[in-house]
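Colleague:
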Amino acid sequence: MHYADYKTILSPQNGMNIYRGCTHGCIYCDSRSTCYQMKHDFEDIEIKRDAVKILEEQLRRKRKPCMIGTGAMCDPYIHLQEELRITRGCLELIERYGFGLAIQTKSARILRDLDLLKAINAKTKCVVQMTLTTFDEALCRIVEPNVSTTAERFTVLETMRN
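Residue 594 in our numbering sits at position 81 of the sequence shown, with consecutive numbering throughout.
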């Protein structure tokens, strides 16, 4: 893990990536491609320094609320979230400023932010997406070695539905 300075958190299409790299180890991951010009090992997570502060500056400058997407390049609930909680800080801002959210994750850690996801959905729209690769847990550990089990992800989706 290392920190890097960035000027923006949001892409021009409103994609939010607070990290670069991932520790999930999914064998089918496209984000490892050299086209994304990462200058470090993919498993060495690059944390965007002052991500929450930078995001707030960007959200304040938006002329009107829109959907913010996250999780396409790096899961917002990688293991570092247990300590850093940067994703929660970003969700608090998205809720405060009235933006919608589309979030992709393979982690049951998302349930820790259920209160914010519900608050965002009450104001605008919140879409939670989870990949379910296989029902075979042994195969899942090979294909996606460092993610929540398929059963855990089903529990998350059931919780979100209710």
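Using N, Cα and C, we set each Cβ at its ideal position, and we do this for glycine too.
1. Near residue 653, what residues of its chain come up, given a Cβ to Cβ distance below 7 Å and the 5 sequence neighbours on each side ignored?
2. Would you be able to state if there are at least three C-beta pairs under 8 Å between the stretch 608-618 and the stretch 556-565?
3. Closest to residue 533 by C-alpha separation, out of 651, 625, 607, 584, would be which residue?
4. Locate the alpha helix (DSSP H) running through residue 567, then write down its first and last residues.
5. Span of the beta strand (DSSP E) holding residue 647?
6. Applying the criterion that 16 or more other CB atoms from any shown protein chain within 10 Å of the CB defines a buried residue, is residue 628 buried or exposed?
7. Please return the same chain residues whose Cβ sits closer than 7 Å to the Cβ of residue 632, not counting the five positions on each side in sequence.
8. Mapping the DSSP letters down to three states, classify residue 593 as helix, strand or coil.
9. Taking residue 603 and residue 635 to be in contact with their CB atoms under 8 Å, please state how far apart those CB atoms are, rounded to whole angstroms.
10. I'd like to confirm the pairing. Which residues does DSSP put opposite residue 641 in its beta bridges?
11. How would you write the range of the alpha helix (DSSP H) that residue 608 sits in, first residue to last?
12. Which term fits residue 525, buried or exposed, when burial requires 16 or more other beta carbons within 10 angstroms of its beta carbon?
13. Whole angstroms are fine: how far does the CA of residue 610 sit from the CA of residue 579?
Modeller: According to the structure data:
1. Here residue 653 refers to the residue found at position 140 of the sequence shown. The residues are 646, 647, 662, 663.
2. no
3. Looking up residue 533 in the sequence shown gives position 20. Taking only the C-alpha atoms, the option nearest residue 533 is 584.
4. Position 54 of the sequence shown, counting from 1, holds the residue named residue 567. That run of the alpha helix (DSSP H) goes 564-574.
5. The residue labelled residue 647 in the question sits at position 134 within the sequence shown. It is not in any beta strand (DSSP E) - residue 647 carries neither H nor E in the DSSP assignment.
6. For the purposes of this step, residue 628 is taken as the residue at position 115 of the sequence shown. Counting Cβ neighbours within 10 Å, residue 628 comes out exposed, since fewer than 16 surround it.
7. Counted from its first residue, the sequence shown places residue 632 at position 119. The answer, listed in chain order, is 608.
8. Within the sequence shown, numbered from 1, the residue matching residue 593 stands at position 80. Three-state DSSP puts residue 593 in coil, outside helix and strand.
9. Counting from one through the sequence shown, the residue named residue 603 turns up at place 90. Counting from one through the sequence shown, the residue named residue 635 turns up at place 122. About 18 Å; that fails the 8 Å criterion.
10. Position 128 of the sequence shown, counting from 1, holds the residue named residue 641. Answer by DSSP bridge pairing, in chain order: 616.
11. Counted from its first residue, the sequence shown places residue 608 at position 95. Residue 608 -> alpha helix (DSSP H) spans 599-609.
12. Along the sequence shown, read from residue 1 onward, the residue named residue 525 stands at position 12. It is exposed - the Cβ of residue 525 has fewer than 16 other Cβ atoms within 10 Å.
13. Within the sequence shown, numbered from 1, the residue matching residue 579 stands at position 66. Within the sequence shown, numbered from 1, the residue matching residue 610 stands at position 97. The straight-line gap from Cα to Cα measures roughly 10 Å.
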